[in-house]
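Chains B, Z, D and U supply the protein sequences, listed in that same order.
1 is the number of the first residue of the first sequence in the working numbering; add one for each residue after it.
10001 is the number of the first residue of the second sequence in the working numbering; add one for each residue after it.
20001 is the number of the first residue of the third sequence in the working numbering; add one for each residue after it.
30001 is the number of the first residue of the fourth sequence in the working numbering; add one for each residue after it.
Reading through the structure tokens given below for one structure.
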Amino acid sequence: MSTTRKKVYGYLAEFKSASALYKAAEKVRDAGFTKWDCYSPYPIHGLDAAMGLKRSILPYMVFFGGMTGTITAFLLAYTTQVVIYPTVVQGKPTNFFTLPAFFPIMFELTILFSGFTTLFGLLALMKLPRFNHPLFASKQFERSTDDGFFIALEARDPKFSATGTKDFLGEIGGSSIELIEEEPA
Amino acid sequence: MAHASTTAHEPRNGPKLPVLEREHLILNNRSYHWITERICGIVENKQPLLWWILFIPSALIAMLGVGGGLTLLVSTGVGVWGMTNTVFWGWDITNFVFWIGIGHAGTLISAILFLTRQNWRTSINRAAEAMTIFAVCCAGIFPAFHVGRVWMAWFLAPIPNANAIWQNFKSPLLWDVFAVSTYFTVSLIFWFLGMVPDLATIRDRAKPGLRKMLYGIFALGWRGGNRQWSHYEMAYLLLAALSTPLVLSVHSVVSFDFATSVVPGWHTTIFPPYFVAGAVFGGFAMVLTIMIPARAIYGLHDMITMKHIENMAKIILLTGTIVGYAYLMELFVAFYSGAIYEMEAFKYRMTGPYWWAYLAMMSCNVISPQVFWFKKCRENLWVIMAVSMAVNVGMWFERFVIIVTTLARMWLPGDWKYYSASPFEIILFVGTIGMFLMLFLLFLKFLPCINIAEVKWTLRESDPHFDDLNDHPDDGTVKIPAYQHELPETTDKGTTV
Amino acid sequence: MANIFPRWTNLLPLKIAFCAGTAAVGVVAAFTVYATPKATVVGYQPSQPIPFSHKIHVDQLGLDCRYCHSFVDNSDHSNLPSANTCWNCHQHVQRQSPKLEPLHRAMDKTHPLYDGKPIQWVKVHKAPDYVKFSHSAHVNRGVSCVSCHGQVDQMEVVYHAKAHSMGFCLDCHRNPADNVRPLEEVFNLKYDPAEYLKQHVVLNDKGERISDPKEFGKKLSDVFKLQPRESCATCHH
Amino acid sequence: MSKRIWQHPEIPADETTVSWRSVGQLEGSPAFREYMDREFPASAAAMADEADAETSRRSFLKLMGASSALAGLSMVACRRAEKYTVPYTQAPEWVIPGKALYYASAMPRATGAAPVVVTTFEGRPTKLGPNTLHPDSDGTDAFVQASVLDMYSPSRSQKILHHAKVATRADLEKALAEAAASGKIGFLFGADESPTRTRLSKELTAKFSGAKFYSYEPLAPAASAARAVADFSEADRIISFDCDFASLDPQGPVTPFFDRRKPEGKGYKAKRDVKTMNRLYAVESIFSLTGGMADHRLRIEPSKVLGIAAAIAKKLSVSHPLVATAAALDEKTQKWVDAAAEDLLASKGKALALAGSRTAPALKAIVQAINEALGAQGTTLKVLASDNAGFGDIAGLKKDIESGAVEYVFLLTPANPVFDAPADLAFVTTLQKAKASFHLGLRTDATAHAATWHIPAAHYLESWSDARSASGFHTLIQPMILPLYDDCVSELELLSALLEGKLVTGEESAAFAAVRKTFASDAASWKKALREGFTTGTSAAAPMPSIEAPAPSYQAVSEQSLDVIFSTDGSIFDGRWIDNAWLQESPDPISKLTWDNAALIAPKTAKALGIYDQVTELESPRAASPVDGEAGNRRAPIIKISLGGKDIEIPVLIAFGLAENTIVLPVGYGQGYDAEDELSRGPLNATHVGLVGVNRGVNVYPLRDSATTYMAQGAKVSLTDKRYSVALTQEHHAMYGRALAREISTLDGEKGSFEKQYDAVAKQGNDSHAPKNMSLYKQEGSKTWDADKDGNAKPHLSDDLHQWAMNIDLSSCMGCNACLVACQAENNIPVVGKEQVAKGRAMHWIRMDRYFAQNKDNTFDADSPAMVPQPVACVQCESAPCETVCPVNATVHTEDGLNAMAYNRCIGTRYCANNCPYKARRFNYFDYNKRNPLIAHNLYKGPAGVTQVGEAPHLQRNPNVTVRMRGVMEKCTYCVQRLKDAKIRQKRGQKQDVLASGKTSPEVAVTAQTLRIPVDSVKVACQEACPADAISFGNLLDEQAATVVRGRELARSYELLHYIGTIPRTLYMARVKNPNEKMPDAAFVGTATIHMA
């Protein structure tokens, strides 16, 4: 036995179905845990509420990202076409009234910037990419992307206790309860 | 090791909840694991011989057609193609619009059907999105390389430069540059994000090694926690919401290339909706053309069901009819204009030197989909395949008719000239077909071709209240022996019971 | 299952993103600094077959630009002087200077290496083939040599003083007032507008005497009816 | 590229020459030439490295590097490789690096020398324009424009040849001495007149009693004592019999004829007045450009023209024995003849009849009699003594050689007698009988190969000479440059060599002394003559020579026995320009065929002969492709023509408006074939031609005998199963119901009186009912348009000094190619070769559209369509559709109203060209300038192809116009380089104003007058070249003072495709036809577009 002290990440428990996970989640939520998560191979409808999660703030980020795109496109078009180097093409005005011609690009850049905001905002919110995680050390956790349903309660949670939490997981229907340790840094 | 499917269900106490019977999107009561096995198996197992038979020629064609064709083109000049000083665009832009059109079905299936909660999309959306990406790749080759000086194409990018000169933001072509690049980027993001959980599935199933590392990198460390799923679903919804207008805008902008010009036969306000409908039409035809064989080869009948195919046939019928309406409306508008230039542009389309192209367009696009009024035809894969192929051909001819026949007979009879494509144009087009197939086959080999997570989500037992329903005597039970023998023998035994 | 990636990889994406960002900024900055005409052209100072000093000839001896570049106000091109222009003086002055050997080869029939072949000067300023620049159009309208070539009168060896990029041209075409001067002063490389205004009475529209060089520039471009163009065909045809 | 030694350009001999348009009044110095010798050897070695040089308009300057002292702009390189600037060691006077020098000179021609002004850059002639000071200034036709390219032709003869092998000059001089010793010398001159040559020939006669003189050109009449010159300025009524006087068969300066085609007079200065217009009757078999201009055209087989002429003579009560040949005419033709004759007679003293110069003597005789009856002589017809009086013809030469009277023969004619002499003369065998023959020519053609000696000729731009212009003015020809090749000799130098016993060429040219001696006047007037290019001395007046002509007997014409016309080719004339790429590529004005010749047959005759199943229609139904295919797919059927026991096989084209039962065979083609020939005729005489002329067309000269030099009878045609690809620039010949090239008539018609038609020109066709154009954008003049800082509206085209515009007057445009070739010369437009033209990739910025308009109601002759040409170049739309679609701003509007094209910004999306309604844009599909398009398949070889940079044709380039690379769009920009030059020149006025005022420059306010280019002083290349004065160009802000403004304010100006609302700056002016109401076809004249709606 190694005497190295390992930091505990938390307990991982498997649940037999989506329904079981759902019910367990409600119980964990009601028990007042905050640092925990449910793991499933697909998004389970209604689990957010069961876990007591708030709605994602991503839409707000994307809205501002999109607006940035609109403004960028307008400024790009307006400054280059009207301010810096106006050129007479097909007798069209070189002032603000040429705006209709900018709409397509304003639209496209809005979408483009929104798309990028979605991507990067999502990654930031999910704190991904994160290649190493204590949970990956668990053999059974592999099934979380196949057909396994898991709950992991983290040691960081103030309600976490070495024995109580394990028992709690068992109570709410978890099986194969496993202590997850963090890798040494 | 416990397995969800082997666990007996506890009957729920309480009143019986009324549940509407839904049609099964996935047949034969397949389990989560079966789905995982089936889809990941395609990636994990050796490819069937047919894959190689298709891949090797398409890779060769892609190399020779695209690689060779472009080398010749760039080293020698656009003159190796058949364009003239009357018909300045020929197969190049025809092919561009053709491929871009095909690229519309993917994002449309993903995005619009997602927003409209058409759950049947889940089985086909991944492949359709991949098609989008590959079709846009093929499409991009044409406008990029049809220019006279491709090495100067960076002039299209608004980069601050010592020349202090900028782009013309009034040009539909510049709009095109932005639209197509945005479309490609957003489609790629959409496709990739959708794939992350599935890549994680493959990662988790893979044996340690380079393969696992690579899938690991692209899976970004996905863990499937609900705190991730929560944001992820929001992001997916947002992307779908963004992509929907984007899809509509891209082909509208492509149509602006024509509609904002002064060319009789191009200068038409009907073009944007007409092009979008045409793109959806052509896109679905291509999805069918690809998916029907893939379904047969990989045995995906339970996931891509006849319902999927029939739905797509109905969409083809609908959009084909819209396109047919647009064709007729064009003629009417030209007639109604009272201008000789407009009227004759269409007269010469129909009866002029390229009458055969118009005939091909009309018969393939308007007449052939009409068979889908009959359910028998919608259910006969051979008929569907034949119509899809006809629509692919017809949509190519539509673009050819719009571009070439118009330019060849424009305003002044003194400049009328007949255009015929040179072998090099044909080679490049064939090359892009090869490239498209090659990329698609690579996609089948290396990436999950069906959205695993979403398909699981469509199963009835994915409902968190599924266990509460007491009127599901057998639905939750999976008959293990029924599928076990279907599984390939190389399946990792560790994951089965 | 064990983690496939060690723990340090968790920060790797951020590190890579940071480095890539920094690199991108660096590349743009480096390109701006090293690859634009400002960097590639300015300061080009080749050594010439004869180390001709503009400082001596123009600044100290007071030669007018047009003594040597005789067609600059007449032609699009500003010609280099033919060897006989040099020889006019140097057959008498500094005749034995070893620096003048190439001139002797070209002009001095008594020189042992005389071959009559022209002197090959190294080009300092050059415009691409697709640019039409007319010297006469500029110097006849109050744009001095200095505006584009810098203080040539102070150069021992001529170098490329300004970036002759299209942006450089446009700057002046948009704002000619900054560079215009009285026609009489075009070839005066020491011209100082403030000094000029002290010596000459120039009135503005209100009848007041102008002392601000900027105002003078505006006045001149009005008086000269300067309308430099920005459309393509101004320089490209 | 082979290494060549370049001779330096010469400033025409020192004190004698003066720059024509002075640039500082600098005088030449003899020292120049001395130093030039030293300057150039340095650059000769550099040529070998030029092959990989960038395609550059300035290649020449690189080659001739030592002569170019060009700081700043000239030496091209984007890279920072070290480049050198090489000034002159001693500056030649006059040469200002970068500035053009202009000299007056002339191009000798059989019909009178064309007075020209030559543009030279650093001693290199690049462009020809008309010498407007000259009284016979007549524009410059395509041949004159293209002649500059001959000088730089890569296939130009460069070495003295003895039996087709390179020989030395010493050998030649020995042979010349032998000839001189014999004294029995025959000289075969061209049909042009040269006072100095005449003087020298007299000296030669004095020196060699056996000297005999002949003149010969295949398409010129034999020398006579006098020649008649028409004066069109006085002619109210003109009738032409098979005479293309407006284009290929000039009878006198033609500009006055066209001036009188405008109802408003020259320069549109007068109010419209139909009475000032002339009226032209044409009786012809070919559809000529003259016929296209005619108010009444009678198409008839060539053998029947004489009958018509006699009938007219009869009606005019001419007493001439040939009147008896008057044909019995059908009723309507008789009516035509009677009405025409009456009209001519009514204008007695102001009427003129013309016969083609190659037509039968009988026709000429009767036309002369008609002219007498009309009182033409002395008013509309002047007769001048010819310098060539007494010269024999080629048949005489043959007789003299065969009889031994001539032992040595000098072939100095620009013609190619071995190839083009009448076949029955078998001239090549005659030549073998001479002791020695000396051929002087620019090309190593058939005659050069057959002659004992071939001497490369100096081009007229390289030699001293003189000539007679059309009205006989003594016109000087001065060299711009020393001959490019050492061995070149000019005609006068060769004659002088025989006189003096020494061949003196190059700088000390004996020709200079000879010309100077002919001039025999003081230095001041010599200087003036050189400066202006001519003297006021003209040929003496002479009596009209009488023509002996027996009545010919013509046989009946039918499909089985066709008339054949050996027609002058619109592109290569008699074959002498077969190696001129510009002319080969310029489409035949009528058939639009390039690079080849083809037999022309009227549609109905073609059907009768079984060439086509049905009558080929002018307006093919549904705009389908023509029967022979279109563009690159076009393959013309080949027919076999049997005539007088000889056969030829030649591709055939349908020619609308041609007389029935007539075959037209353009001459001059088929001089040599190599292994690449499509019909596998080669290799045959491949060395006779260069890359341009090889494999071109079919030689029809073998069918032509002494008696049938113009027309022959009794030809039979059969169809072969072969086909031949033909390259046409225009494949659809009708307007398809679109009122494009508009026409009105001075007679009342369905659309009302002349005035009504005139005022409604802008409402013809679709424009009659199209709604007014409106723009969603705020229009010019509104404050929201583009307000300045004070909120005042300013026009979007902001230049208040210049706003350029052009008018093209279809009333005088005949559709020749002068503008097209002039534009090519001015703007460095590349030649693309037959294959590319066939595909539809010709690069000419001006597309000469030519429409036939058939009036279906035409009861007089339904198969005789009107022909209306319409040159289309970029019309510089104010609202240009091309501009808005360019993604990179490569084409935008300039402040002065030009649609600018920045070649270097262009990436080649070709979108602009698609959106151009006029299809006025041309795309560089290949590197036509860099890769030689004339070598088979070369363009398709890409980097592996043969480059042509640094080859001689590149030396012709205009240094002020960018040479375009592949992948960029190009188009007409109203010769913006000329406008720029003029503006820059004008700007110097400020300095002069300041100097004149005695004040300092800040005190002298510059006015618009100072900066504005004087009215009508800048001319664009096409306008300058136009012999018909059909193009006017100028500044809209000059208002009524400018010709262009006066023209565009007339109601017969219209916008082409007004319907789209592009607001073009180039307006077209409707053609006004002036028919005679008594004529049976009067109602159908001038109706090409009038009924279109």
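Note that beta-carbon positions come from the ideal geometry of N, C-alpha and C, so glycine has one too.
For residue 30619/U, there is no enclosing beta strand (DSSP E), as DSSP marks it with neither H nor E.
Collapsing the DSSP output to three states places residue 30713/U in a strand. Residue 100/B has a beta carbon lying at 7 Å or more from every beta carbon in chain D.
Contacts with chain Z (Cβ-Cβ distance below 8 Å) from the region 30900-30926 of chain U involve 30905, 30906, 30907, 30908, 30909, 30910, 30911, 30913, 30914, 30915, 30917, 30918, 30919, 30921, 30922, 30923, 30924, 30925, 30926, listed in chain order. Residue burial is scored here from C-beta neighbours: residue 20154/D has fewer than 16 other C-beta atoms within 10 angstroms and is therefore classed as exposed. The three-state secondary structure of residue 20121/D, taken from DSSP, is strand. Going by DSSP, residue 31048/U is part of the alpha helix (DSSP H) stretching over 31043-31048. Residues of the region 10334-10362 of chain Z whose Cβ lies closer than 9 Å to any Cβ of chain U, in chain order: 10338, 10339, 10340, 10341, 10344, 10347, 10348, 10350, 10351, 10352, 10353, 10355.
Contacts with chain U at 7 Å (Cβ-Cβ) do not include residue 10265/Z. The distance from the Cβ of residue 10094/Z to that of residue 10408/Z is about 13 Å, inconsistent with a contact at the 8 Å cut-off.
Sequence-ordered contacts of the region 20215-20226 of chain D with chain U read 20216, 20219, 20220, 20222, 20223, 20224, 20225, 20226 [C-beta pairs closer than 9 Å].
With a minimum length of 4 residues, the unbroken runs of alpha helix (DSSP H) contained wholly in the region 31020-31087 of chain U fall at 31021-31025, 31043-31048. In this structure residue 30658/U is in contact with residue 30600/U, their Cβ atoms being roughly 6 Å apart against a cut-off of 8 Å. The beta carbon of residue 10206/Z lies closer than 7 Å to those of 10212, 10215 in the same chain, with the five residues before and after it left out.
The DSSP-derived three-state label of residue 20192/D is coil. Residues of chain U whose Cβ lies closer than 9 Å to the Cβ of residue 10462/Z do not exist, since the nearest Cβ in that chain is about 49 Å away. Burial state of residue 156/B is exposed, judged by a 10 Å Cβ sphere holding fewer than 16 other Cβ atoms. In this structure, the beta-carbon distance from residue 30562/U to residue 30661/U falls below 7 Å. Annotated three-state conformation of residue 10048/Z is coil, per DSSP. For a Cβ distance threshold of 7 Å, nothing in chain D lies close to residue 41/B: the least Cβ distance comes to about 16 Å.
Considered as a whole, the region 30359-30405 of chain U harbours 30361-30374, 30394-30403 as its complete alpha helix (DSSP H) runs of no fewer than 4 residues, in chain order.
At least 7 Å separates the CB of residue 10118/Z from every CB of chain B. Interface residue (Cβ-Cβ distance to chain D less than 7 Å): residue 10212/Z is classified as such. Under a criterion of Cβ atoms nearer than 8 Å, the residues of chain D adjacent to residue 10216/Z are, in order, 20004, 20005. Here DSSP, grouped into helix, strand and coil, assigns residue 70/B to helix. Taken in chain order, the complete alpha helix (DSSP H) segments of 4 or more residues contained in the region 20022-20060 of chain D are 20037-20040. Taking 8 Å as the upper bound for CB-CB distance, residue 152/B and residue 39/B are in contact here, some 7 Å apart.
Under the Cβ criterion of 7 Å, residue 20081/D is not counted among the residues facing chain B.
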